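Down below is the structure, laid out as structure tokens.
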Amino acid sequence: MPELPEVETVRRGLREWAVGRRLSGVDVHHPRAVRRHAAGPEDFAAALVGRTFTEVRRRGKYLWLPLDSGDAMIGHLGMSGQFRVLPEEAPDGPHLRVRFRFAEGPQLRFLDQRTFGGLAVSRGGADLPAEIAHIAPDPFEPGFDADRCVAALRRRRTEVKRALLDQTVVSGVGNIYADEALWRAGLHGARPADALTGPAAHRLLGHVVDVLGEAIAQGGTSFDALYVDVNGESGYFDRALHVYGREGAPCDRCGASIRRESFMNRSSFSCPRCQPRPRGRG
DNA sequence: CTGCACCCCTGTAGGC
DNA sequence: TGCCTACAGGGGTGCA
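Just so we're aligned, residue 1 is where the first sequence starts under the working numbering, counting upward by one.
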């Protein structure tokens, strides 16, 4: 479940099901799932067994679970990663990558169809793992500074959608929520970020925060079974999407037919009337 | 600093 | 039925 609202949904599930439980065994079923753990799968497991998850934290799309050792397990879901809480007798399935066993109670499993996601143990990373420090704060962190974020956004000499997707400007925004925020702001994603006025950039960031917050409240966006919470349940925010995946459907604001454009080798959805394409530099 | 090409993978949908 | 391509919510790297 890739973007911030989906990762936050997973974080909440992990907080409920993983915190305070002592690990009795960790089985790496696919080494690629721990490729970012340089010391290898055995070291990964050894750093976890016997330890207890004390908390579940998140920055943007990254999760980390501090341990009572002072280390932390880092997780990124990539495109198709899932954490699932399942009883021991549940079948493994084809996408099981890492199994976490506890002294008692259900297992925690990391599943990942495409294996773009991954786990690692960060030594001494309980507070903020060094591996995540290059990512900007996300809008829901106490340390988030909106003025600073807007300044970073307007400093980028690139298109505004690219800037929104840049995790060093603001973390947690992906393709869906970038398109939704741009629609709400009435801006085409190809507008130059450095041509936005301060108030316009603040308004855009406000829409980013709004759409992410509303999506969290709905448990995220689930188009299919790949994007589910730790109990396998889907979120409902897909019903509230205004542009993403709605090519040809009428704009909820003006009725014009939603268009789809190729951008950064991905699809971008927008309203041709509410979000006119910029001409030249702006 | 920036854009760009390309890499990492599996699975599905659609055209032929 | 098969075969092919395009596409999917992620990030990272190397190069110009």
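Built from N, CA and C at the ideal position, the CB exists for glycine as well. A quick note: this is a predicted structure, and the numbers were derived from the prediction, not measured.
If you check the CB distance, Thr158 and His134 do not come in under 9 Å. Pro5: not part of any beta strand (DSSP E); member of the alpha helix (DSSP H) spanning 4 to 17, first to last residue. Residue pairing from DSSP places Met73 in a beta bridge opposite Leu65, Val121. Taking a C-beta distance under 9 Å as the contact criterion, Tyr177 and Val121 do not qualify as a contact pair. Using a C-beta cut-off of 8 Å, the stretch 19 to 35 makes contact with the stretch 52 to 64, since at least three inter-stretch Cβ pairs fall below that distance. Residue environment analysis places Phe223 among the exposed positions, since fewer than 16 neighbouring C-beta atoms fall within 10 angstroms of its C-beta.
Here DSSP, grouped into helix, strand and coil, assigns Leu164 to helix. Among the bridge pairs identified by DSSP, Gln275 is matched with none. The beta carbon of Arg84 sits closer than 7 Å to the beta carbons of Arg109, Leu111, Val230, Gly232 from its chain, once the five residues preceding and following it are set aside; these are given in chain order.
By the Cβ test, the stretch 63 to 83 is in contact with the stretch 4 to 13, since at least three Cβ pairs between them sit closer than 8 Å.
In this chain, Gly81 is not harboured by any alpha helix (DSSP H); it is covered by the beta strand (DSSP E) spanning 81 to 86. Counting C-beta pairs closer than 8 Å gives fewer than three between the stretch 41 to 52 and the stretch 252 to 268, which falls short of the contact rule. Under the three-pair Cβ rule at 8 Å, the stretch 149 to 158 counts as touching the stretch 195 to 207. The count of Cβ pairs closer than 8 Å, one atom from the stretch 95 to 102 and one from the stretch 127 to 147, stays below three, leaving the stretches out of contact.
In the structure shown, the three-state DSSP call for Pro41 is helix.
In this chain, the beta strand (DSSP E) harbouring Leu23 covers 23 to 28.
Per the coordinates, the alpha-carbon of His30 lies some 15 Å from the alpha-carbon of Ala39. Straight-line measurement puts the Cα of Ala193 at about 16 Å from the Cα of Arg184. With contacts defined by Cβ atoms closer than 9 Å, Ile132 and Arg203 do not form a contacting pair. In the displayed model, Val34 falls within a helix according to three-state DSSP. Apart from sequence neighbours up to five positions away, the residues of its chain that approach Arg162 with a beta-carbon distance below 7 Å are Met264, ordered along the chain. Rounded to the nearest whole angstrom, the CA to CA distance from Val160 to Leu226 is 29 Å. Here the alpha carbons of Gly172 and Gln218 stand approximately 16 Å from one another. When the Cα atoms are used, Ile74 and Leu165 turn out to be separated by approximately 21 Å.
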